[in-house]
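A.B. asks:
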């Protein structure tokens, strides 16, 4: 059985290309991962919104340039999001404390809004506190690079 190479997708919000961190692991964000359909995530692991928690995990992996499973010091955990919380409590990524706070906010679903992405308040908070913040960081980085040239 042959497998096709991972597909690059485009983020509809920020128009950036997104490809998997490695070809052996794909980040799946599906409706079945929402907290409404899996309440045990909330009660057993404290995960308020699985989609946002996975986004935070992906942001940490990007920031550290490593897959979460490659952090041996985290030890075996029952869920990758628990590993991400432990990692988020540690050192900052090369992208700095602002980026780290954004990732942590996603992992904890700490937006002072409801936990469900169907709620407009949470969607607005995620847009403001994640998308806009990341866009500002990208803009500042571009300006810095232009000033060096």
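Numbering (full-length UniProt numbering), first residue to last: 1 to 149.
C-beta atoms are modelled at their ideal positions from N, C-alpha and C, and glycine is treated no differently.
Are the beta-carbon atoms belonging to residue 137 and residue 104 less than 8 angstroms from one another?
C.D. replies: No, they are not a contact pair.
A.B. asks: Please name the residue, chosen from 148, 102 and 143, that lies closest to residue 53 on a Cα-to-Cα basis.
C.D. replies: The option with the nearest alpha carbon to residue 53 is 102.
A.B. asks: For residue 119, which residues in the same chain have their Cβ closer than 8 angstroms to its Cβ, ignoring the five residues on either side in sequence?
C.D. replies: Excluding residues within five positions, the ones whose Cβ falls inside 8 angstroms are 113.
A.B. asks: Within 10 angstroms of the Cβ of residue 93, are there 16 or more other Cβ atoms? Answer buried if so, exposed if not.
C.D. replies: Burial call: buried.
A.B. asks: Mind reading off the beta-carbon distance from residue 57 to residue 107? Whole number of angstroms is fine, and I expect it under 8 angstroms.
C.D. replies: About 7 angstroms separates the two Cβ atoms, so the contact holds.
A.B. asks: Express the C-alpha separation of residue 111 and residue 55 in angstroms, rounding to a whole number.
C.D. replies: For residue 55 and residue 111, the distance between alpha carbons rounds to 14 angstroms.
A.B. asks: What are the boundary residues of the alpha helix (DSSP H) that residue 130 is part of?
C.D. replies: Premise fails: residue 130 is in no alpha helix (DSSP H) and is neither H nor E.
A.B. asks: Between the beta-carbon of residue 139 and the beta-carbon of residue 95, is there less than 8 angstroms?
C.D. replies: No, Cβ-Cβ distance for residue 139 and residue 95 is not below 8 angstroms.
A.B. asks: Determine the DSSP secondary structure at residue 41, reduced to helix, strand or coil.
C.D. replies: Looking at residue 41 - three-state DSSP - the assignment turns out to be helix.
A.B. asks: Which residues mark the beginning and the end of the alpha helix (DSSP H) in which residue 54 is found?
C.D. replies: That run of the alpha helix (DSSP H) goes 50 to 64.
A.B. asks: Measure the C-alpha to C-alpha separation of residue 40 and residue 122 and round it to an integer number of angstroms.
C.D. replies: Taking the straight line joining both Cα atoms gives about 21 angstroms.
A.B. asks: So what does DSSP say about residue 99, is it helix, strand or coil?
C.D. replies: Helix.
A.B. asks: Taking C-alpha atoms, which residue in 149, 147 and 100 lies nearest to residue 130?
C.D. replies: Of the candidates 149, 147 and 100, the one whose C-alpha sits nearest the C-alpha of residue 130 is 100.
A.B. asks: Using a threshold of 8 angstroms, state whether the C-beta atoms of residue 51 and residue 117 are closer than that.
C.D. replies: A contact, by the Cβ cut-off of 8 angstroms.
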